[in-house]
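In what follows, a single structure is set out as structure tokens and then discussed.
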Amino acid sequence: MPSASVTLLNARAVARTISRMADEILERNDGTERLVLVGIQRRGVQIAQRIAAVISEREGADIPLGALDITLYRDDLQTVGPRPVVGQTHLPKAIDGQVVVIVDDVLFTGRTIRAALDELADFGRPSRIMLAVLVDRGGRELPIHADVVGQTVTVPPGGRVDVFVPELDGKDEVTMVGGGT
Amino acid sequence: MSLLGKDLVGLAGLSREQITTILDVAEPLREVSERAIKKVPTLRGMTVVNLFFEASTRTRISFEFAEKRMSADTVNVAASGSSVSKGETLVDTARNLEAMRIDMVVIRHASSGAARFLAERIESNVINAGDGTHEHPTQGLLDLLTLRQRFGSLEGKRICICGDVLHSRVARSNIWGLKALGADVAVCGPRSLLPNAIGEMGVQVFSRIEQAIEWADALNVLRLQLERMQAGYIPSLREYNRVFGVTRARLEQAKRDILILHPGPMNRGVEIDSDVADGPHSVILDQVTNGVAVRMAVLYLLAGQKASLADVAKGGAA
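Following this line, the structure appears as structure tokens:
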């Protein structure tokens, strides 16, 4: 039986949520100075771009944007095997002494963020690293938490949260496909 | 289901999808070599043995960089100065290495088929770094990546492989790989250095370099091994250069810009002139850069892939 898909955020709600996340990032950082946004491939990159656009509108300053692909830092090569898709990693400039905000779509086990922290350390030593996620769905397997959360949801066992971004999916929404296989 | 299986023995038989996946993975891996810390932890704890029974500088160093940048531990074994020079067989050498718990073998060997022979007899992943006149798959892949970066897609692009096709494993890997990606392939060289049945590989044959230049979007200029002259395949190096050399004067006759590739090491003034090798359309050093990325991609995609029981049984029966 196909399980029902519930819309958590529609396009307008996604826009509002991203706008609030941008405000929270500015508040926590007290402005845009030394701020660098780094999106995790793939959908974190698009969300980081949207947050950056809101910030530049609010503050009149462009902030550096980067992309991080964590495939080569995963901890499951031995168990799951190689993934045939590797994305581009690109950091805007030296991140030493900067405030780096990692941006991702969904925070679940925390393993992706663990990998992202390891990868960032290979590029330099930021003065601070923060984590901003559009959806926190719980279920952590590592001691990792987000500083800025768009929406918190409780997902039943076996359930899934899907984030769709216009650039890759042609639609702009967040859905939950309920558990109960 | 693994994408490539346990080994990379050659490009013959690989599908467009498989080759495209390797190139797609190689593309972002170029970035690792641009970092201040040129290393990712992907293959931490894996041991790779570079088993080179034939001289090689570029390929061996490129593999070693690729392995180290993926954090694998590496051991180099050369034929001279090892038990191979005492008469140990290839399989015994490899099994002894396996008894010391290795994960992958990169093999270069003078005999065609050596890589497959080994792959069917050991559990470790085997990567062919050139076997006789058979295949040199990672060279083929780096040529494909270099061409794809310049052309976007290889579909319908005209690539001519020039020179000693008869003895060239690079030529064979190129032909199979290029055709899988939809390119039109031709060869050009003296009849004595082209295989008799070359037409059966589905390639055009040009007997004059001027025709090849007229036709092609890119030339892959093979190294003319100097021993070929002693063996009587060509009259002299000077005559080879006069008739088949890729020179600036010849390229200036072409209607379009032609990309120039060469697998190295070059004989300047024989198969290729210096002002072509160093000219604006040469992508020879891009090939070298791409070589490391392509080998990183192959190491990554083969990591941990084990032979299925069926494959092992097939190998045993062969």
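Protein chains in written order, with my numbering: chain A, -6 to 174; chain B, 150 to 467.
Just so it is clear, CB atoms sit at the ideal spot from N, CA and C, and this is done for glycine as well.
Excluding sequence positions up to five away, which residues of its chain have a Cβ less than 6 Å from the Cβ of residue i?
i               : result
F266 of chain B : none
T208 of chain B : A278
R133 of chain A : G103
R321 of chain B : E284
I362 of chain B : R399 and A403
L19 of chain A  : none
D222 of chain B : T196
Could you name the residues of chain B that residue i contacts, counting a contact when the two beta carbons are closer than 8 Å?
i              : result
D62 of chain A : P177
G74 of chain A : S151, A452, G453 and Q454
Pull the bridge partners of residue i from the DSSP assignment, please.
i               : result
V96 of chain A  : A:G32 and A:A125
E393 of chain B : Correcting the residue type first, residue 393 of chain B is Phe in the shown sequence and not Glu. Partner(s): none; F393 of chain B has no beta bridge.
T145 of chain A : A:D129
R307 of chain B : B:D333
V93 of chain B  : Chain B is shown from 150 up to 467; residue 93 of chain B falls before or after that span and cannot be answered.
E166 of chain B : Answer by DSSP bridge pairing: none, since E166 of chain B is not bridged.
R153 of chain A : A:V170
F212 of chain B : DSSP lists no partner for F212 of chain B.
S431 of chain B : B:I409
H258 of chain B : B:D280
T0 of chain A   : A:T168
M253 of chain B : B:V197 and B:N274
D222 of chain B : B:T196
N369 of chain B : B:I310 and B:L410
R417 of chain B : B:I421
Measure the C-alpha to C-alpha separation of residue i and residue j and round it to an integer number of angstroms.
i                : j               : result
S229 of chain B  : I40 of chain A  : 56 Å
T170 of chain B  : S302 of chain B : 14 Å
D241 of chain B  : F300 of chain B : 45 Å
S(-2) of chain A : A15 of chain A  : 28 Å
A380 of chain B  : R391 of chain B : 19 Å
E26 of chain A   : G90 of chain A  : 11 Å
V181 of chain B  : W325 of chain B : 29 Å
G143 of chain A  : R76 of chain A  : 29 Å
N3 of chain A    : T145 of chain A : 15 Å
R367 of chain B  : L152 of chain B : Checking the sequence shown, residue 367 of chain B turns out to be Ala, not Arg. C-alpha separation (whole angstroms): 30 Å.
R21 of chain A   : E216 of chain B : 42 Å
G331 of chain B  : I168 of chain B : 12 Å
L65 of chain A   : G59 of chain A  : 17 Å
R118 of chain A  : D111 of chain A : 11 Å
A263 of chain B  : D280 of chain B : 6 Å
S205 of chain B  : G159 of chain B : 18 Å
G305 of chain B  : Q298 of chain B : 15 Å
G163 of chain A  : V156 of chain A : 12 Å
K187 of chain B  : G154 of chain B : 28 Å
L1 of chain A    : V154 of chain A : 9 Å
L315 of chain B  : S341 of chain B : 8 Å
Q353 of chain B  : R165 of chain B : 21 Å
Taking C-beta pairs closer than 8 Å, name the residues in chain A that residue i reaches, listed in chain order.
i               : result
T438 of chain B : Correct list: empty, because the minimum Cβ distance to chain A is about 16 Å.
V174 of chain B : P77, V78 and V79
T196 of chain B : Residues of chain A passing the Cβ test: none, with the nearest at roughly 14 Å.
Near residue i, what residues of its chain come up, given a Cβ to Cβ distance below 8 Å and the 5 sequence neighbours on each side ignored?
i               : result
E247 of chain B : I271, E272 and S273
A426 of chain B : I409, H411, M415, R417 and I433
A46 of chain A  : none
R397 of chain B : D422, D424, V425 and G428
R107 of chain A : D68, L135 and I137
Using the beta-carbon of each residue, which ones in chain B are nearer than 7 Å to residue i?
i              : result
L70 of chain A : T191, A452 and G453
T82 of chain A : P177 and E180
Report all residues from its chain with a CB closer than 7 Å to the CB of residue i; omit the five preceding and five following residues, and keep chain order.
i               : result
V7 of chain A   : D165, E166 and V167
R121 of chain A : V92
L157 of chain B : I276, N277, P286, V447 and L451
F212 of chain B : N199, V255, A278 and R444
L458 of chain B : At L458 of chain B the pLDDT is 47, less than 50, meaning the model places this residue with poor confidence; the figure from the coordinates comes in the next sentence. Here the set comprises nothing.
K328 of chain B : V334 and G351
P57 of chain A  : V29, P85 and K86
G37 of chain A  : V96, D97 and D98
P159 of chain A : D165
List, in chain order, every chain A residue whose beta-carbon is nearer than 7 Å to that of residue i.
i               : result
I186 of chain B : D115
Y449 of chain B : P75
By the criterion of Cβ-Cβ separation under 9 Å, what are the contact partners of residue i in chain A?
i               : result
T170 of chain B : P77 and V78
Where the stretch 115 to 132 of chain A meets chain E: residues whose CB sits under 9 Å from a CB there: No chain E appears in this structure, whose protein chains are A and B.
Near-chain A residues of the stretch 249 to 260 of chain B - C-beta to any C-beta below 9 Å: none
Within 9 Å of chain A by C-beta, residues of the stretch 420 to 437 of chain B in sequence order: none
Contacting positions in the stretch 39 to 65 of chain A - beta carbon closer than 9 Å to chain B: D62, T64 and L65
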